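Trainee: Here the sequence shown is numbered in the working numbering, starting from 60 and rising by one per residue. Dropping the structure in here first, questions after.
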Amino acid sequence: KRRLVSPVACDVPRVGGERVEIGDPIICRDEASNAWWRATVKEVRGEQILVHYMGCDDAWDTWMDASSPDIARVEASEADRAAFQQDDMEAGLDDMELLEKYRRQQWEANSRWQLNVFAQGQLGSWEGVCTPYAAEVSPSGGVEMLPQPSAPCSSHAAVEKNNAVECSETGHDARLALNMQLTPSSFDREKGCMTVGTAYTMSRRLDAEAAGGLLIEVGLREKAQRVRCKFLYLPDDESRGSGPAQMLRLEKLAVVRENVVGTAAPAAAPPRG
């Protein structure tokens, strides 16, 4: 007798009991925000699929079991909708609680999306020139930014195993280095940390060695080039030690002009005046 093999037993990926193939649209649940993200099947390996999230860099692709409850099929007519699919709200919440939970989930989803956008625009190794400026009080009482000697610098950003983005840089004042690990929670609208396209703003509280100062960085990438402006604020002498309400003064700023490693870096050209 000839043995019959059930198609269900074949070693092929199935979502919701139906076979999926490369290019099929799906949605995947993110454990951190409990939100559903639109994705596509990028590769197939036995009963696993490589999930590619819509609008995200390939660095975020993830292998998952096709039978996972965190994966669901999407009708072809729904495949072109926005990448974020709102999760259902639990019952028993009053209007204010419902609104607050909705806002929190939306911002958590937005924070992860901003981390994806930042990674897509800023990952890789960079080299260039850093031109620092020191703030000095002029005879008239104003503040002048005096250019200092430029120096070579380098920076690097990569996705770690925990899906965080590790940023590091060398070549200038350590207080101006944005050495930090970025997670979705790093993008806090109340602190002015956000990204749009290839532009971003980031802030970091400095440690005790830097007198509890604040570093703010604004960056913009265009193709293989990037310009970053760093602003270093330190507590004003008159308000030092007065707690969280202490005044900050601009101590130093730096302009970093850099290129992706392997392309010609632009020469430093400090503005006059």
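For glycine and all other residues, C-beta sits at the position ideal for the given N, C-alpha and C. Bear in mind that the values here come from a model prediction, so they are computed numbers and not experimental data.
Thinking just about the alpha-carbon of each residue, which of Ala216, Val286, Leu273, Glu281 is nearest to the one in Met306?
Mentor: When each option's Cα is compared against that of Met306, the closest is Leu273.
Trainee: Could you name the residues of the same chain whose beta carbon sits closer than 6 Å to that of Val71, not counting the 5 residues immediately before and after it, in chain order?
Mentor: Arg78, listed in sequence order.
Trainee: When DSSP labels each residue in this structure, what does Ala178 get in the three-state scheme?
Mentor: Note: Ala178 maps to helix in three-state DSSP.
Trainee: Between the Cα of Asp232 and those of Pro243, Pro198, Thr190, Arg264, spot the shortest distance and give me the residue it belongs to.
Mentor: Among Pro243, Pro198, Thr190, Arg264, the Cα nearest to that of Asp232 is on Thr190.
Trainee: Going by beta carbon distance, what residues of the same chain come within less than 6 Å of Leu109, once the five residues before and after it are set aside?
Mentor: Lys101, Glu102, Asp120, Trp122, listed in sequence order.
Trainee: First and last residue of the beta strand (DSSP E) that includes Glu102?
Mentor: It spans 94-104 - the beta strand (DSSP E) in which Glu102 sits, taken as one unbroken run.
Trainee: In the DSSP output, what is Gly75 paired with across the bridge?
Mentor: For Gly75, which the question treats as bridged, DSSP gives no partner whatsoever.
Trainee: Quick check: what's the CA-CA separation for Asn238 versus Glu228?
Mentor: Straight-line Cα distance between these residues: approximately 6 Å.
Trainee: Under a three-way DSSP split, which group does Gln165 fall into?
Mentor: Of the three classes helix, strand and coil, the one that applies to Gln165 here is helix, per DSSP.
Trainee: Beta-carbon within less than 8 Å of Asp117's beta-carbon, same chain only, minus the 5 sequence neighbours each way: which residues are those?
Mentor: These residues qualify, in order along the chain: His111.
Trainee: Which first and last residues belong to the beta strand (DSSP E) in which Trp122 is found?
Mentor: Element bounds for Trp122: 121-124.
Trainee: Considering only the beta carbon of each residue, do Ala194 and Leu265 sit closer than 8 Å?
Mentor: Not a contact, by the Cβ cut-off of 8 Å.
Trainee: Suppose you measure from the CA of Gln284 to the CA of Gly180; what does that come to, to the nearest Å?
Mentor: Approximately 11 Å between the Cα atoms of the pair.
Trainee: So, under 8 Å CB-CB, Ala98 and Ile85 are touching, yes? Tell me the CB distance rounded to an integer number of Å.
Mentor: With a Cβ gap of about 5 Å, Ala98 and Ile85 count as contacting.
Trainee: Drop a sphere of 10 angstroms on the beta-carbon of Ile275, count the other beta-carbons inside from all chains shown, and report buried for 16 or more, exposed for fewer.
Mentor: Buried, by the Cβ-count rule.
Trainee: Take the Cβ of Asp83 as the centre, count every other Cβ of all protein chains shown within 10 Å, and call the residue buried at 16 or more, exposed below.
Mentor: Flag for Asp83 reads buried.
Trainee: Answer with buried or exposed for Tyr173, where buried requires no fewer than 16 other C-beta atoms within 10 angstroms of its C-beta.
Mentor: Per the sequence presented here, residue 173 reads as Gln, with Tyr not at that position. The residue is buried, with at least 16 neighbouring Cβ atoms inside 10 Å.
Trainee: Please list, in chain order, all residues of the same chain as Ser244 whose beta carbon is under 8 Å from its beta carbon, the five residues on each side excluded.
Mentor: Contacts found: Ser170.
Trainee: Pick helix, strand or coil for Leu307, following the three-state DSSP scheme.
Mentor: Here Leu307 sits in strand by DSSP.
Trainee: Once DSSP output is grouped into helix, strand and coil, what is the label at Ala236?
Mentor: In this structure, Ala236 counts as coil in the three-state DSSP scheme.
Trainee: What does a CB cutoff of less than 8 Å around Asp129 pick up in its chain, not counting 5 residues either side in sequence?
Mentor: Excluding residues within five positions, the ones whose Cβ falls inside 8 Å are Cys87, Arg88, Glu90, Met123.
Trainee: Taking the beta strand (DSSP E) that Ile81 falls in, what are its first and last residues?
Mentor: Segment: none, Ile81 is in no beta strand (DSSP E) and carries neither H nor E.
Trainee: Helix or strand or just coil, what does DSSP make of Leu312?
Mentor: If DSSP states are grouped into helix, strand and coil, Leu312 belongs with the strands.
Trainee: My guess is that Gly230 and Ala210 are in contact by the Cβ rule of under 8 Å, so how many angstroms apart are they, rounded?
Mentor: That pair is a contact at about 6 Å.
Trainee: How many Å lie between Gln144 and Ala131 at the Cα?
Mentor: Reliability fails at Gln144, whose pLDDT of 49 lies under 50, so the model's placement of it is uncertain and no value is given.
Trainee: Thinking Leu312 and Leu291 are a contact (beta carbons under 8 Å), I'd like their distance in whole angstroms, please.
Mentor: So it is a contact: roughly 7 Å between Cβ atoms.
Trainee: Using C-beta distances below 8 Å, list every residue in its chain close to Ser363, excluding the 5 sequence neighbours before and after it, in chain order.
Mentor: Outside the displayed span of the chain (60 to 332) sits residue 363, for which this structure offers no information.
Trainee: Compute the Euclidean distance between the alpha carbons of Ala236 and Glu80, then round it to the nearest angstrom.
Mentor: Using only the alpha carbons, I get a separation of about 45 Å.
Trainee: Write down the C-beta distance between Val277 and Val315 rounded to the nearest angstrom, noting that I regard them as a contact closer than 8 Å.
Mentor: 11 Å between Cβ atoms; not a contact.
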